[in-house]
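All remarks here apply to the structure that follows.
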Amino acid sequence: MAARPFLASRNLFLPLALVLAAAPPAAAQALELHSLKTRLQHELRLRAWARRPVEVDWTAASALDVARDLTRALGLPIHPSELVRERVATRDLPLVDLRSKHAPALGAMELVAARTGLLFVDHGRTLRLVLPEEFQPEATLRLYSVHALTFVLRDFAPPIGFDLRGSNEEVPVEELETRTVSGFDEPGLADLVKRLLGPAHWTRDDVSIDTGRGVLVIRQTPRAHMQIERLLRDLGA
176 MAARPFLASR NLFLPLALVL AAAPPAAAQA LELHSLKTRL QHELRLRAWA
226 RRPVEVDWTA ASALDVARDL TRALGLPIHP SELVRERVAT RDLPLVDLRS
276 KHAPALGAME LVAARTGLLF VDHGRTLRLV LPEEFQPEAT LRLYSVHALT
326 FVLRDFAPPI GFDLRGSNEE VPVEELETRT VSGFDEPGLA DLVKRLLGPA
376 HWTRDDVSID TGRGVLVIRQ TPRAHMQIER LLRDLGA
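Going by the working numbering, the sequence shown opens with residue 176, and the numbers climb by one from there.
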């Protein structure tokens, strides 16, 4: 799934449609809008399910009982993971007690999560009931513009009392466009981001970092993107 466009203040981040060189701009934009519309529709359906009142009568109910009853009440498949099934079989998970005729589905799920420590995870057209250690935040693709972090030196006036006209060398535009205020080029920024997050953040198959044409192309988790944004803002301050 393509990441949604993200334009922050100072234009540090570019919408994905602007750099899909392999596809015509119109096609890229249509693809992006379609993915956004699909995701929005899915989120609206999830919210509607979450608000739906459900009737539950749980007395010492297991996680499997909870998943089965919520699936029946909501019409939304909820699949416990294999590890959850194993923990239920060995009675290593707390049981749930709840009786209500009009409990919002989200409230019932929150109670189950608080009681058992399990998580309900959006998995496309279904929900998964998993252990905390099984959950991996979805990695999303964002593009970070190195250009927006760059001062064009020749546009700045010389210090007061100095006349540097004709004496300063003009730095090639290509070099200016791929180097930040702090002096980092694209590979240097990529290395800085890797060191900022640490090796453990790059062990998953769905994360990556690439450079080229004044852009950092990073696929990471939302929390990691927040750290990256903070770093790049500091470099461009």
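Just so you know, even glycine gets a beta-carbon here, dropped at the ideal spot from N, CA and C.
Note that the coordinates shown come from a computational prediction; the quantities given were computed from them, not determined experimentally.
Any chain C beta carbon closer than 8 Å to residue i
i, result
"P374", "You won't find chain C in this structure, because it holds only one protein chain."
Residues sharing a beta bridge with residue i, DSSP
i, result
"Q311", "For Q311, which the question treats as bridged, DSSP gives no partner whatsoever."
"S237", "DSSP output for S237 lists no bridge partner at all."
"L406", "BP columns for L406 are empty, so no partner."
"H298", "T301"
"R317", "I393"
"D232", "R274"
Span of the beta strand (DSSP E) around residue i
i, result
"T386", "383-387"
"L391", "390-395"
"V368", "Per DSSP, V368 belongs to no beta strand (DSSP E); it is in the alpha helix (DSSP H), 361-372."
"L293", "Taken as a continuous stretch (DSSP letters only), L293 belongs to no beta strand (DSSP E), as it is neither H nor E."
"R303", "301-305"
First through last residue of the alpha helix (DSSP H) which encompasses residue i
i, result
"T378", "It is not in any alpha helix (DSSP H) - T378 carries neither H nor E in the DSSP assignment."
Residue i to residue j span [Cα, whole Å]
i, j, result
"L410", "R247", "52 Å"
"R394", "D380", "10 Å"
"L245", "A280", "8 Å"
"V382", "E404", "16 Å"
"Y319", "L406", "11 Å"
"G389", "A289", "46 Å"
"V368", "V392", "11 Å"
"T291", "W224", "21 Å"
"R260", "L294", "14 Å"
"V321", "R243", "50 Å"
"L364", "A238", "46 Å"
"E361", "A375", "22 Å"
"P312", "L219", "20 Å"
"H400", "V287", "30 Å"
"E308", "G373", "19 Å"
"R240", "R226", "Here residue 240 turns out to be Asp, not Arg, going by the sequence shown. Looking at the two C-alpha atoms, the distance is approximately 21 Å."
"L371", "R262", "37 Å"
"T396", "D366", "18 Å"
"A283", "R222", "14 Å"
"A278", "V229", "5 Å"
"L249", "G387", "47 Å"
"E285", "L268", "16 Å"
"R398", "K276", "38 Å"
"T296", "F310", "Here residue 296 turns out to be Val, not Thr, going by the sequence shown. Straight-line Cα distance between these residues: approximately 8 Å."
"R317", "A264", "42 Å"
"R266", "E257", "14 Å"
"T378", "Q216", "32 Å"
"F359", "H298", "39 Å"
"R408", "I384", "18 Å"
"Q402", "T315", "14 Å"
Proximity test, residue i beta-carbon vs the ligand HEM heavy atom, cut-off 7 Å
i, result
"L294", "The ligand HEM is absent from the structure shown, which contains no ligand whatsoever."
Segment contact, 8 Å Cβ cut-off, at least three pairs: the stretch 270-287 with the stretch 228-247: Yes, the stretch 270-287 is in contact with the stretch 228-247.
Complete runs of the alpha helix (DSSP H) confined to the stretch 247-291 [at least 4 residues]: Here the runs fully enclosed are 257-264, 280-291.
Any 3 or more C-beta pairs closer than 8 Å across the stretch 249-257 and the stretch 287-305: Short answer: they touch.
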